[in-house]
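These notes concern the structure reproduced below.
2 protein chains.
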Amino acid sequence: MLVDEIARPDDVRRQNRRLVLAALRGHDLLSRTDIVAQTGLSASTVSAITTALIAEGIVNESRDGDVTANRRGRPQVALTLNPEIATIATVELALNLAHTVLFDYKGQVIAQEIRRIPTLDATAGDLTRAICEMLDGLLAGMPGSAGRLMHISMGVQGVTDAASATMLWSPITPDINVAFGDILCARYGVSVAVANDCSMIAEALRWTDPEHYTEDFAAILLSHGIGMGLYLKGKPFLGVQSSGAEFGHMLHVPNGALCRCGRHGCIEAYASDYAILRRTAGEDEQAQPAQDVDAASFNAVADRARSRDGAERAAFRKAGQAIGSGLRSLFSLIDPVPIALVGPGAGVFDLIEPDLREIVSGTTGWGGKPDLTIRCYPDEHPLILQGCMMTSLLHLDTQLFAPGDLREAPLRRAI
Amino acid sequence: MLVDEIARPDDVRRQNRRLVLAALRGHDLLSRTDIVAQTGLSASTVSAITTALIAEGIVNESRDGDVTANRRGRPQVALTLNPEIATIATVELALNLAHTVLFDYKGQVIAQEIRRIPTLDATAGDLTRAICEMLDGLLAGMPGSAGRLMHISMGVQGVTDAASATMLWSPITPDINVAFGDILCARYGVSVAVANDCSMIAEALRWTDPEHYTEDFAAILLSHGIGMGLYLKGKPFLGVQSSGAEFGHMLHVPNGALCRCGRHGCIEAYASDYAILRRTAGEDEQAQPAQDVDAASFNAVADRARSRDGAERAAFRKAGQAIGSGLRSLFSLIDPVPIALVGPGAGVFDLIEPDLREIVSGTTGWGGKPDLTIRCYPDEHPLILQGCMMTSLLHLDTQLFAPGDLREAPLRRAI
DNA sequence: CTCTTTATTTCGAGGCTCGAAAAAAATAGT
DNA sequence: ACTATTTTTTTCGAGCCTCGAAATAAAGAG
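Taken in sequence, the protein lines are chains W and B.
Just so you know, we're using our numbering here: the first sequence kicks off at 1 and counts up by one.
Just so you know, we're using our numbering here: the second sequence kicks off at 416 and counts up by one.
Written out as structure tokens, the structure is:
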């Protein structure tokens, strides 16, 4: 109905606990006084909240890390998140690749495994079996951490539904509607978040570079496919059905080139690696997209594009136009925001930048700000990993470690 | 910083008051028991809140409107918003038209004036002068209401910045960056909301037809220009700089037809009335857009398009393709949502629907739901009016009538 | 005129935040 | 060595809030 949520007195405490945990998450070592300064809460409230957090084992006093030594007055005692209160696991699933990691509550790596899997020929069963094998192995190797597993975050290439923690469609495997969330939840008894890898990248950027990526920004992954992770008003923007912002499948040319999604004219059909190679090879726009493009041949094409003005350079220019066209439409809807380009395509930004900027320029027709900030991150994997980690840790901070819920078993998957 | 907002105990009461007022706003006559059922609050809390609201004069007990007559037990006493506690004013500013209305707190019209103004030749000063004259006249005619004026909402054609309550650019007048908010705020001493007319339409739909327009939907105005009002997750979506979702200026054809905004290839340059007439007249795509298109000639073209297959019909088909192309991109970003088409363009929907649907079809490449709901509302003015009204009333409900703030003078403009 | 039924208010318990005062724990000065 | 000063942290009481239970109010039914 129209009724929003009803507020209860203890919601206040929940919210302020979140604030304290967020402060601690951002700064590792903080005294109570620091927390007062950061959050704006009163000293009494911070005292009450921190004593509770310490009693529950979520936060530790760390005497050795003395923040302010040799000053007059009672010394501050530094607080820090207790790394051993929880373990989380992350899974990155990409083309021919699965990467699982175990982290502690402070975000330090406990153990990890990278495995090459022929995903194009793998069924949903194959994939889940491999992932579970890997997780089982990690947990078995770290018996101390196994019992403390509290959340799993998964970043996958493809279209996901966050609400049902399902991978709806992915270019890396023929199977569709794979309910990774339910499967992993059933096996490990913890809540599971499944999201598009681009959402994870956005999450990572927000935490690693809060200077530049604060309230509103977009991370665009230029790789095998074209995806986007979007932050609006300081919150991750997932689509209405929470299948994410499919930047790569905005329409660039009506009835244009064949896209891997089966439709025609998508941005991806001009700007992804397969699109660039298809054009470079002189194939028809309607030719079936390659399922896999290896980095070597992509880089070879980029090198040729840089050395001489030919079909290669033209293909990258087309890519720049496609992305620029998408950005122009995106900016019409949500106003210009800082853009992060991530993945192999970011490594060849010099080849696409001029055309991209030409199309985007004059975004605001009535004379608004025309400047466009773009930063490039050629390697997407560390960002995906970190995004998964932050997703899990933030889930613990906000959901699980809210008062009262602490001891309840997390039976359902996460939002 | 990263810190969200800090919660205090009285925030709880504020939120729950909002809930009670929202229930009353939606149902006119409600007993305390009804409110308990609607909101989920306890009877004690509802009792406490309603007695406070009655004491402050915001709510009235209405004995005559007996909800449940002739039943056993103590009869329920109906509560209703007190229409006389506040007056609000709305201003609709469109091409050659200004429409001002005074409403009471229950949303009933007190007085209104419609005035035809040659806006294309009017300066910002002319416009504000006219608006103030009209408002002064209405307030003078209703001496009882004048002192109770508490908010003004303005819906204008063009690009607005809600945060600064400014009209950044508008097709109806040459002047730009007109700070209507500051001007009206200074003159009447109340907070002022200035928004795009399409946002107002969305607001109105949400309240008049909550069945169909709940959490997520878009209202697209097809008229002199092409605009959009968007609701996401039950909240109005204004762009990052809160200049709104400029659907009409998404890119349809790179380097395409000349748009009134000065750029090329915008959807509006194909789908607005001036675009259709330009094409019908056989003019070049790059010809300067007409500043004003009268309804009669537009309808004449539509009639010809219906009667024979010629340039007219082709123009409407182009319009359908442009809108369809925009919808396809929009749906890629935010998933399909119900669409309301509003304004003159909605009256000729039969002419654009086939092409529109053909382009949109297959929106979700991976096999998601393809169904697209479109409803048409040929007359935009009642919706704009109602949207302005609801914006003001909701502002009073949520901001002004929160406890503690009641007697403070509203000196700044609204968000 | 009493009984039953339903609506609303009152009252006490248990939260919460906050400011002021108290306690704790160090350095500085004599 | 011992007191004064300074800074951090905790404790305590006031003033919010919601809620459940009990009390009160106001009808119709018998």
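Think of the CB as a built atom: it goes at the ideal place given N, C-alpha and C, for glycine as much as any other residue.
Q801 (chain B) is classed as buried because its beta carbon has at least 16 other beta carbons within 10 Å across all chains shown. For I635 (chain B), the three-state secondary structure derived from DSSP is strand. Proximity to V516 (chain B) across B:M805, B:L815, B:Q814 peaks at B:M805, based on C-alpha coordinates. Ranked by Cα distance from A608 (chain B), the first of B:G649, B:I503, B:L512 is B:I503. In the DSSP assignment, Q38 (chain W) falls within the unbroken alpha helix (DSSP H) covering 32 to 39. Collapsing the DSSP output to three states places V716 (chain B) in a helix. Spatial neighbours of T123 (chain W) in its own chain (CB-CB distance under 7 Å, excluding positions within 5 residues in sequence) are listed in chain order as D175.
Pairing R447 (chain B) with T465 (chain B) gives a Cβ-Cβ distance under 8 Å. Taking S744 (chain B) as the centre and dropping the five residues before and after it, the same chain places the C-beta of M665 closer than 8 Å to its C-beta, in chain order. With a threshold of 8 Å between beta carbons, S31 (chain W) makes no contact with chain B. Y377 (chain W) and V342 (chain W) have their C-alpha atoms some 5 Å from each other.
In the three-state reduction of the DSSP assignment, C185 (chain W) falls in the helix class, which pools H, G and I. By the neighbour-count criterion, in which a residue is buried when 16 or more other Cβ atoms sit within 10 angstroms of its Cβ, D724 (chain B) is exposed.
For P669 (chain B), the three-state secondary structure derived from DSSP is coil.
Distances from the CA of L120 (chain W) to each of W:W169, W:V91, W:L79 were compared; the closest alpha carbon is that of W:W169. Here V342 (chain W) carries a strand assignment [DSSP, helix/strand/coil]. L393 (chain W) places its beta carbon 8 Å or farther from that of Y188 (chain W). Distance from the Cα of G559 (chain B) is smallest, within the candidate group B:A501, B:H566, B:N592, B:T575, for B:A501.
At least one C-beta of chain W is nearer than 8 Å to the C-beta of R743 (chain B). Under the DSSP definition of a beta bridge, A513 (chain B) partners with B:L508, B:R530. Residue state for C791 (chain B) is assigned as strand, using DSSP reduced to three classes. Residue B:H796 holds the alpha-carbon nearest to the alpha-carbon of D612 (chain B) among B:E700, B:H810, B:H796, B:Q706. Closest in alpha carbon position to A186 (chain W), among W:C132, W:A314, W:N299, is W:C132. In the same chain as P669 (chain B), and ignoring 5 residues on each side of it, the C-beta atoms closer than 6 Å to its own belong to G680, in chain order. In the structure shown, the three-state DSSP call for K650 (chain B) is strand. One alpha carbon belongs to R115 (chain W), the other to L383 (chain W), and they sit about 18 Å apart.
Taken in chain order, the whole beta strand (DSSP E) runs of length 3 or more contained in the stretch 530 to 618 of chain B are 564 to 571, 574 to 576, 581 to 584, 606 to 611.
Not flagged as an interface residue toward chain W: E698 (chain B), since no C-beta distance is shorter than 8 Å. Membership of V474 (chain B) in the beta strand (DSSP E) is indicated by the continuous run 474 to 477.
Contacts with chain B (Cβ-Cβ distance below 8 Å) from the stretch 186 to 204 of chain W involve no residue at all.
Residues of the stretch 429 to 441 of chain B that bring their beta carbon within less than 9 Å of a beta carbon in chain W comprise R429, Q430, N431, R433, L434, A437, A438, R440, G441, in sequence order.
In this structure, the beta-carbon distance from Y685 (chain B) to A634 (chain B) does not fall below 8 Å. Put simply, the CB of D750 (chain B) is near chain W, with a gap under 8 Å to one of its CB atoms.
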